[in-house]
Amino acid sequence: MIKNLVTPLFQVLGFIMGLLARPFTKALKYGKPYYYAYIYFFRFKRVGKNLRIDNPFYALSSPECIELGDNVTFAGGSILTAITEYNYVEDNNTIRQKFKPTIIIGNNVQIGEFNHITSINKIVIGNGTLTGPFVLITDNSHGRLSQEEFYIPPYKRPVSSKGPVLIGENVWIGEGVKILGNVSIGNNAIIGANSVVTKDVPPNTIVGGSPARIIKRFK
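Here this note's numbering runs 472 ahead of the position in the sequence shown, where the first position is 1.
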């Protein structure tokens with residue numbers, strides 16, 4: 473009997489508390505991305521207006537090598553690494569490599585959830601570009617895939633770059649796409665989900681597959 477009376481009472485109290493807390497919940501929801509942006513703001517080389525970071529970066533390295541334009545948004549779980557040093561083992565000796573990476577992200581760019589952007593060379597992402605979840609953009613790899621390095625464990629290979637990654641404006645990069653080094657992607661291109669981009673993508677095209685190939689061209 474008491475339970476039958478108390479349960480509705482707690483339900484009503486819970487409903488009232490929910491109504492009272494709603495403004496604070498909304499403030500927390502909409503304020504959190506700007507709170508995280510403020511934490512990281514002064515660490516980057518340059519930051520434009522209205523930076524949004526939905527959650528703390530899963531990993532962030534050398535932000536002093538990274539430039540962000542206006543209205544840039546990072547969804548949760550982003551990895552953003554400019555690698556200035558890397559150690560590998562050669563003949564039981566530790567060798568230290570040094571790099572001068574640059575990552576430039578333009579205006580009105582939206583980076584999807586769990587994206588991984590990593591550079592030892594140069595990565596440029598043009599204005600208005602949008603990426604889906606789980607996208608990898610990298611200008612580097614372990615080793616040069618040479619005959620001499622083929623039988624060496626990957627952790628003992630030096631990190632190398634074939635060239636920069638240059639992504640144009642208004643590019644749509646689908647979920648799970650991998651963009652590798654020494655690649656240029658033209659304006660307005662669309663990269664289909666799960667594609668692996670190993671060669672240049674002309675502007676105004678749709679590409680897909682592994683490796684990515686042209687599916688359609690627009691004038």
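By construction, the Cβ of each residue, glycine as well, lies at the ideal position given by its N, Cα and C atoms.
Of the candidates Ala665, Ser633 and Val669, the residue whose Cα lies closest to the Cα of Gly658 is Val669. Sorting Lys691, Ser632, Asp563 and Ile663 by C-alpha distance to the C-alpha of Val643 places Ile663 at the top. Under DSSP, Phe546 shares a beta bridge with Ile525 and Ile583. Per DSSP, the continuous beta strand (DSSP E) segment holding Arg685 begins and ends at Arg685 to Arg689.
Setting aside the 5 residues that flank it on each side, Asn593 is surrounded in the same chain by Asp611, Ser633 and Pro636, each with a C-beta closer than 6 Å to its C-beta; the list follows chain order. Within the stretch 579-662, the runs of beta strand (DSSP E) at least 3 residues long that lie entirely inside it are, in chain order, 588-591, 594-597, 608-610, 637-639 and 655-657.
Secondary structure note for Gly680: its beta strand (DSSP E) is the uninterrupted segment Thr677 to Gly680.
The Cβ atoms of Lys521 and Cys537 lie no closer than 8 Å to each other. For the pair Phe586 and Ala547, the Cα-to-Cα distance works out to about 7 Å. Under the DSSP assignment, Lys671 falls outside any beta strand (DSSP E); it carries neither an H nor an E label. Looking at the DSSP output, Lys570 shares a beta bridge with Glu557.
Nearest C-alpha to Gly680 among Thr601, Val544 and Ala661: Ala661. In the same chain as Arg616, and ignoring 5 residues on each side of it, the C-beta atoms closer than 6 Å to its own belong to Ser632, in chain order.
For Glu539, the uninterrupted beta strand (DSSP E) segment begins and ends at Ile538 to Leu540.
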